[in-house]
Amino acid sequence: MNALVQREAAAIRQEWLGRALSTLPADRPAVEAAVSALYRLAGLSPPRFHWVASPLAALATVPPGLSHSPEHPDRWPLLSRFAELKDEWSRTVEAGMRRPHWTIDRIVQQEVFFPLQRSISSCLLPPLRRAHSWGAPGWMRWDRTHYVSRIARYDALRRTAGLVLDAEQERRFELWAAVLGSCHWWWPDEHVCVVSERPVALHTEVAGDDGEVRPHHASGPAVRYTDGWAVHAWHGTQVPSWVIENPTVERIADEVNVEVRRCAIERLGWDAYIEQAGLRLVSRAPDPGNPGSELRLYDVRRGTRVLLAVNGSVERDGHRRRYGLTVPVYLNDPIEAAGWTYGLSGEQYATLLRRT
């Protein structure tokens with residue numbers, strides 16, 4: 001029974017992930033009809049719609065009739081009003097759930113809700129963070145309103161656990177599904193609703209075993225909009241464009257963000273980086289915690305050393321990732337350096353059967 005539910009839930013997750021990360025043009029009539037109906041549910045007249053090419057354009061273009069500053073969309077009062085509208089509907093749905101629903105819901109949340117939530121956070125929030133001052137409580141609550149994860153969860157419960165929605169719950173389900181599955185971000189104001197088109201390119205890779213994805217593109221923007229605005233990402237980490245398009249030893253040396261520096265080195269390749277940066281090999285040794293692999297200790301700059309190691313676990317494509325760890329300059333033995341990263345002595349690290 002559980003295996004069957006897991007398979008069905010995984011298929012439903014993929015359906016909703018495809019809708020959430022679609023790069024097809026927005027279905028403007030469907031979005032405008034659904035948003036207008038949501039305005040009526042909130043006790044408001046339907047708005048005029050101002051479509052923009054990207055989240056950045058939502059700030060750059062100010063439509064007539066906008067009541068609040070586009071520079072601070074987190075302060076728009078209707079954000080919390082519509083978030084509460086969705087939360088209220090969600091509470092009525094869950095109030096009607098019975099024990100069999102809650103039992104299967106544990107599987108549904110694991111297979112559908114959380115992977116979708118993490119995927120959307122990873123793929124669609126970075127463009128929003130770049131475009132807007134992100135982080136205020138109201139703004140974060142509005143972000144969550146855009147997630148299809150809750151809608152997909154209830155859809156999965158309908159299809160796998162027989163959850164029945166009443167007519168009004170069903171109507172609201174369809175309205176939210178139409179909005180969330182037909183466009184990108186949207187921002188409701190009293191008289192005007194600003195809606196962003198979807199990106200025209202969105203490159204991802206699978207992250208983990210639960211169907212979660214993250215943005216990654218090794219030769220260009222991971223997310224790109226029709227107006228040319230873009231976000232670059234390396235295995236889920238947002239990076240400046242130079243990391244992907246023109247990584248150099250000089251830029252890596254000038255970069256203060258350690259994660260960006262790591263991504264740039266991986267993009268350039270450790271062998272190329274070591275050669276071009278002229279790193280001095282201090283010592284090398286077989287890795288006792290990862291049989292068949294080698295530990296290498298390098299001088300990077302005065303007062304800094306890097307331990308180059310190979311990941312103990314295999315990536316999805318079958319290779320093992322190489323990575324560098326900054327270690328104290330007084331460490332001369334790569335095994336001691338490896339132990340130091342785990343809070344162990346070199347002798348203790350040497351007794352490990354296998355690290356991950």
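Taking UniProt numbering, the leading residue of the sequence shown gets 1, the next gets one more, and so forth. Note that the Cβ used here is the ideal one computed from N, Cα and C, for glycine as well.
Distance between residue j and residue i (C-alpha atoms, nearest Å)
i, j, result
"W186", "V194", "6 Å"
"R129", "R91", "29 Å"
"V231", "R7", "33 Å"
"S283", "V300", "13 Å"
"G43", "H191", "13 Å"
"G346", "L352", "10 Å"
"L116", "L331", "43 Å"
"L279", "S313", "27 Å"
"S54", "I12", "28 Å"
"S196", "H50", "9 Å"
7 Å CB neighbourhood of residue i in its chain, flanking five on each side removed
i, result
"H203", "P215, H216, H217 and A222"
"V249", "Y273, Q276 and A277"
"A57", "D227"
"L41", "L85"
"Q348", "G339"
"A9", "I107, V108, E111, V112, A156 and T160"
"A207", "V213, R214 and G236"
"N311", "R320, R321 and Y323"
Beta-carbon proximity list for residue i, same chain, < 6 Å, skipping 5 on both sides
i, result
"R172", "W89"
"R19", "G181"
"A264", "V243, P247 and I252"
Assigned exposure category for residue i - 16 Cβ within 10 Å defines buried
i, result
"P291", "exposed"
"V148", "buried"
"R48", "exposed"
"E245", "exposed"
"L281", "exposed"
"V258", "exposed"
"T145", "buried"
"E170", "exposed"
"R267", "buried"
Coarse secondary structure for residue i, derived from DSSP in three states
i, result
"A136", "Note on A136: pLDDT 48, under 50, position unreliable in the model; no value is reported."
"W299", "Trp is not the amino acid found at residue 299; the sequence shown has Asp there. In the structure shown, D299 sits in a strand (DSSP, three-state: E or B)."
"S36", "helix"
"L44", "coil"
"H50", "strand"
"C263", "helix"
"S96", "Residue 96 is actually Gly in this sequence, not Ser. The answer is coil: DSSP assigns G96 none of H, G, I, E or B."
Rounded distance between the beta-carbons of residue j and residue i, thought under 8 Å
i, j, result
"L175", "A37", "5 Å"
"T23", "A233", "With 8 Å as the limit, T23 and A233 do not qualify as a contact, their Cβ atoms being about 15 Å apart."
"H101", "L17", "H101 to L17, Cβ: 23 Å. No contact."
Close-in-space but distant-in-sequence residues of the same chain around residue i (CB under 8 Å, 5 per side omitted)
i, result
"I105", "The residue you asked about is not Ile; residue 105 is Asp in the sequence shown. If we look at D105 and ignore the five residues flanking it on each side, its Cβ neighbours are M97, R153, L157 and A161."
"T341", "L307, L325 and V327"
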